[in-house]
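FYI, the numbering for the sequence shown is 1 to 629, going by the UniProt record's numbering. What follows is a single structure, written as structure tokens, with notes after it.
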Amino acid sequence: MGITASAPTNPNGDLNEQLSKLGDRYPFGNDEIIRLARVYTFLNTSPVDSRKDLLTDKFLVDLATFSSTLRKPILSKSDENSYVDLLQVDENMFMKPSHQILKRRERIKFIMSIIDENVLPDNFGRTMNETFFTLLKPVKFDGEYDLSPDVVEAKIGWMKLAKFIDGASETSRRGSRKAMECVFKCCALENDSNRANAKKLMDCFYRIALACAIYDTYMTNQRMMEDQKERIRLKEIEKKKQEEEKERLIAAGQYNPDDDDEDDSSDEETIIPPFDPSTMYPSDIGDTLATSLLEYAQKNSMNMGMGSLNINDSSQGDTNDTISLDIFLAWADSNAPCLGSCLETFVHLILFPDRPYPPSRSEFIFPRLEGQQSAFFNSDQSPLLFNFATMSPSLCGAWHRLYTTDSDGLSFNRLQNALLGYSGPTLLIVREADQGGVFGAFSSTAWKESKNFYGNSDCFLFSILPSLKLMRPRGAGTNYQYCNPESRSRGYDGQAHGIGFGGDCNQPRLFISETFDENRASASDLTFEAGRLLPPREGLSKLFDLESLEVWGVGGDEVVAEALVGRKKQREIVASNIQKARKVDKAQFLDDFKSGLIESKTFKHRAEMRGRGDCHVDENDDSNYVYEK
Numbered sequence: 001m002g003i004t005a006s007a008p009t010n011p012n013g014d015l016n017e018q019l020s021k022l023g024d025r026y027p028f029g030n031d032e033i034i035r036l037a038r039v040y041t042f043l044n045t046s047p048v049d050s051r052k053d054l055l056t057d058k059f060l061v062d063l064a065t066f067s068s069t070l071r072k073p074i075l076s077k078s079d080e081n082s083y084v085d086l087l088q089v090d091e092n093m094f095m096k097p098s099h100q101i102l103k104r105r106e107r108i109k110f111i112m113s114i115i116d117e118n119v120l121p122d123n124f125g126r127t128m129n130e131t132f133f134t135l136l137k138p139v140k141f142d143g144e145y146d147l148s149p150d151v152v153e154a155k156i157g158w159m160k161l162a163k164f165i166d167g168a169s170e171t172s173r174r175g176s177r178k179a180m181e182c183v184f185k186c187c188a189l190e191n192d193s194n195r196a197n198a199k200k201l202m203d204c205f206y207r208i209a210l211a212c213a214i215y216d217t218y219m220t221n222q223r224m225m226e227d228q229k230e231r232i233r234l235k236e237i238e239k240k241k242q243e244e245e246k247e248r249l250i251a252a253g254q255y256n257p258d259d260d261d262e263d264d265s266s267d268e269e270t271i272i273p274p275f276d277p278s279t280m281y282p283s284d285i286g287d288t289l290a291t292s293l294l295e296y297a298q299k300n301s302m303n304m305g306m307g308s309l310n311i312n313d314s315s316q317g318d319t320n321d322t323i324s325l326d327i328f329l330a331w332a333d334s335n336a337p338c339l340g341s342c343l344e345t346f347v348h349l350i351l352f353p354d355r356p357y358p359p360s361r362s363e364f365i366f367p368r369l370e371g372q373q374s375a376f377f378n379s380d381q382s383p384l385l386f387n388f389a390t391m392s393p394s395l396c397g398a399w400h401r402l403y404t405t406d407s408d409g410l411s412f413n414r415l416q417n418a419l420l421g422y423s424g425p426t427l428l429i430v431r432e433a434d435q436g437g438v439f440g441a442f443s444s445t446a447w448k449e450s451k452n453f454y455g456n457s458d459c460f461l462f463s464i465l466p467s468l469k470l471m472r473p474r475g476a477g478t479n480y481q482y483c484n485p486e487s488r489s490r491g492y493d494g495q496a497h498g499i500g501f502g503g504d505c506n507q508p509r510l511f512i513s514e515t516f517d518e519n520r521a522s523a524s525d526l527t528f529e530a531g532r533l534l535p536p537r538e539g540l541s542k543l544f545d546l547e548s549l550e551v552w553g554v555g556g557d558e559v560v561a562e563a564l565v566g567r568k569k570q571r572e573i574v575a576s577n578i579q580k581a582r583k584v585d586k587a588q589f590l591d592d593f594k595s596g597l598i599e600s601k602t603f604k605h606r607a608e609m610r611g612r613g614d615c616h617v618d619e620n621d622d623s624n625y626v627y628e629k
């Protein structure tokens, strides 16, 4: 049953009333509601012949292609084609758009088709459409038996539109928890909508995050290429003008070779290459997140007296690799609070790519290494990078490597030099040599030398291989971070020398010693939540040998850039002070030298001569030390 395209009796009043009613129910502004209503009517109710050559029959591709590229409606009350009803199919939708809009439409369609086919899980778009955007169940109007067919049709039409707008809000504006529920429902088992396979669920989030990165990278690359093309075009025009002016001067006999501008060939731009989406296609996400989720489910089932997960229990799904929605949400809240931002960001890119991300929401930006080498990440789309980004918004966006043992060596001086003066958040990642476990700490406070702990409650510890575990401050202690080199006290303070987190000054919970020997990783302390940092091992040893250590500046593009500028200025100040200290006042030095303030045997003979009868000394004449023979 279709949706009526006829205008209401009181058009202007009805539109305002519709916007007010929907605005009260959904977290969208009037312009956003109009956009959603128009793309809905275009995709679902407009004449088939007018759109059959434009649509791909792939929900996400078509939704993204037309959400931001349909012509704006005419809202003038005096115009006969005025937009007066949210369900109105106006001819303005099908008018040929501008060349710029057509180009944008082609780009969106191109990259979304690639994402739909190569990045997102199979049938993800269709599942999203059927689950959240489409009214599938039959509609009944209890107690309203005398409704005319037109009224019934109109009511159903509004219910379908409301369902579509509700789907947009559920997946992008209702918060991270609601977005996680949406992804879970898309991955739920066919025979149990309240359970999902743990690894498939984590893989789905990873692919959505990559879809955001690929879409944004491609569109940014296209804009940069277009801007560069325009700059080159303008330069060519300017160059041609200069050549014409030169020819005119030569013809007039007024040309002076000395007036020629210097050759600016060195200023030519390096051509920006087109972005290849295949370089960011997803790889195997691994078992880190799924293992963590299943361990959490196992632990909680034991705590609730349910025993271990039973593979033969039909309530647990087909296998013991499945988890319930409640367990998943509880686990994500503790260990991966940014998971829901993946879907919220993706849907925003589809519906409102031309608008800034809502400031009240945390945008998910896949970490970018910008070509920097790492001992932990083998590619820009590494699942390990995704795992980090799920922990905190501060771990999204650009990363800058401050220190790595692979190229900087096991040098505490270099590590300290990399940290001191850098004012932004930092991420310390450790790989232990015995079993390859990966763990570390995040700090939002600038590093400094101190015998005491410092920092704030944004600091946290983590284990990420073989299983993810986030350990936040528990509120009892404040021993967040610690940097105490031996040179600060010459080793007389009796404290641990190195950098650490948690614990106390003698035994920090996570500790990298100044010599990189006898490093320590404990499972509990008073500052952070309990949790194993090291992989399971025989014995109870807390010590580990270091295989790799890296420190990255994080916090996003602007934060990293600002912190690097600050560190550069700090280093310049230190270098300037050192240079000043090296400049010695030669006259003062000689006075100190002769006075004995600076110990030396150079003028020892003067003291030995004094008092001898054959020695005459004029104290006012430096050259008059005379020995009578």
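All C-beta atoms, glycine included, are put in the ideal place defined by N, C-alpha and C. Model, not experiment: these values are computed from the prediction.
By DSSP, does residue i sit in helix, in strand, or in coil?
{"i": "W552", "result": "strand"}
{"i": "T220", "result": "helix"}
{"i": "K469", "result": "strand"}
{"i": "A168", "result": "helix"}
{"i": "S487", "result": "helix"}
{"i": "G286", "result": "coil"}
{"i": "Y281", "result": "coil"}
{"i": "G418", "result": "Checking the sequence, you will find Ala at residue 418 rather than Gly. DSSP places A418 in helix when its eight states are reduced to three."}
{"i": "N194", "result": "strand"}
{"i": "E106", "result": "helix"}
{"i": "G157", "result": "helix"}
{"i": "Y492", "result": "coil"}
{"i": "Q18", "result": "helix"}
{"i": "A297", "result": "helix"}
{"i": "A476", "result": "coil"}
{"i": "R520", "result": "strand"}
{"i": "L189", "result": "strand"}
{"i": "R207", "result": "helix"}
{"i": "E432", "result": "strand"}
{"i": "A441", "result": "strand"}
{"i": "F124", "result": "helix"}
Excluding five sequence neighbours on each side, which residues of the same chain lie with their C-beta closer than 8 angstroms to the C-beta of residue i?
{"i": "T426", "result": "L402, L419, F442, S443, W447, V551, W552, G553, V554"}
{"i": "N456", "result": "S444, T445, Y480"}
{"i": "R567", "result": "G421, Y422, S423"}
{"i": "E514", "result": "F412, P485, E486, H497, G498"}
Between residue i and residue j, how many whole angstroms is the CB-CB distance? I'm expecting something under 8 angstroms.
{"i": "L533", "j": "L510", "result": "6 angstroms"}
{"i": "C182", "j": "L55", "result": "Actually they are not in contact, since the Cβ atoms of C182 and L55 sit about 24 angstroms apart, beyond 8 angstroms."}
{"i": "N387", "j": "I323", "result": "With a Cβ gap of about 17 angstroms, N387 and I323 do not count as contacting."}
{"i": "V39", "j": "L63", "result": "7 angstroms"}
{"i": "F205", "j": "L339", "result": "5 angstroms"}
{"i": "R207", "j": "V152", "result": "Actually they do not touch by this definition, with Cβ atoms about 41 angstroms apart."}
{"i": "L470", "j": "N335", "result": "5 angstroms"}
With a CB to CB cut of under 6 angstroms and the five nearest residues on each side skipped, what residues in its chain are close to residue i?
{"i": "S489", "result": "none"}
{"i": "G317", "result": "For G317, the predicted model reports a pLDDT of 40, less than 50, meaning its position is unreliable; a value from the coordinates is still stated below. Within the same chain, G317 has close Cβ partners L189, D192, R195."}
{"i": "M112", "result": "V61, A64"}
{"i": "F366", "result": "A209, A213"}
{"i": "A389", "result": "P367, L395, C396"}
{"i": "F516", "result": "L410, L546"}
Can a CB atom of chain B be found closer than 8 angstroms to the CB of residue i?
{"i": "A575", "result": "The question asks about chain B, but that chain is absent: this structure has only one protein chain."}
Got a sec? Which residues, its chain only, sit under 7 angstroms from residue i by beta carbon, not counting five neighbours each side?
{"i": "A521", "result": "F439, L510, L533, L534, K542, F544"}
{"i": "Y218", "result": "I111, F275, P277"}
{"i": "R571", "result": "G421"}
{"i": "Q18", "result": "L86"}
Pairs of beta-carbons, one from the region 168 to 175 and one from the region 27 to 41, closer than 8 angstroms: are there three or more?
Yes, the region 168 to 175 is in contact with the region 27 to 41.
Is the region 375 to 394 close to the region 344 to 361, with three or more CB pairs under 8 angstroms?
By the criterion of at least three beta-carbon pairs nearer than 8 angstroms, the region 375 to 394 is not in contact with the region 344 to 361.
I'd like the ranges of any beta strand (DSSP E) spanning at least 3 consecutive residues and lying wholly in the region 351 to 410.
Taking 3 residues as the minimum length, the beta strand (DSSP E) runs contained wholly in the region 351 to 410 are 400 to 404, in order along the chain.
Counting beta carbon pairs with one atom in the region 570 to 580 and one in the region 453 to 472, are three or more of them shorter than 8 angstroms?
The answer is no - the region 570 to 580 does not touch the region 453 to 472, with fewer than three Cβ pairs under 8 angstroms.
Are at least three pairs of beta-carbons, each pair with one atom in the region 360 to 374 and one in the region 393 to 408, less than 8 angstroms apart?
Yes, they touch.
At 4 residues or longer, and completely inside the region 31 to 97: list those alpha helix (DSSP H) runs for me, N to C.
Listed in chain order, the complete alpha helix (DSSP H) runs (minimum 4 residues) inside the region 31 to 97 are 48 to 51, 59 to 67.
Counting beta carbon pairs with one atom in the region 497 to 507 and one in the region 524 to 531, are three or more of them shorter than 8 angstroms?
Counting Cβ pairs under 8 angstroms, three or more are found: they touch.
Using a Cβ distance threshold of 8 angstroms, determine whether the region 428 to 435 contacts the region 392 to 401, with at least three qualifying pairs required.
By the Cβ test, the region 428 to 435 is not in contact with the region 392 to 401, since fewer than three Cβ pairs between them sit closer than 8 angstroms.
Below 8 angstroms, can you find three or more Cβ-Cβ pairs linking the region 285 to 295 to the region 194 to 208?
Below 8 angstroms, enough C-beta pairs join the region 285 to 295 and the region 194 to 208 to call them touching: three or more.
Are at least three pairs of beta-carbons, each pair with one atom in the region 172 to 181 and one in the region 93 to 109, less than 8 angstroms apart?
No, they do not touch.
Answer yes if the region 85 to 100 comes into contact with the region 151 to 166, meaning at least three C-beta pairs across the two stretches below 8 angstroms, and no otherwise.
Between the region 151 to 166 and the region 85 to 100 there are three or more inter-stretch CB-CB distances shorter than 8 angstroms, so the stretches are counted as touching.
Fully enclosed by the region 538 to 583, which beta strand (DSSP E) runs are 3 residues long or longer?
Restricted to the region 538 to 583, the beta strand (DSSP E) segments that are unbroken, complete and at least 3 residues in length are 546 to 553, listed in chain order.
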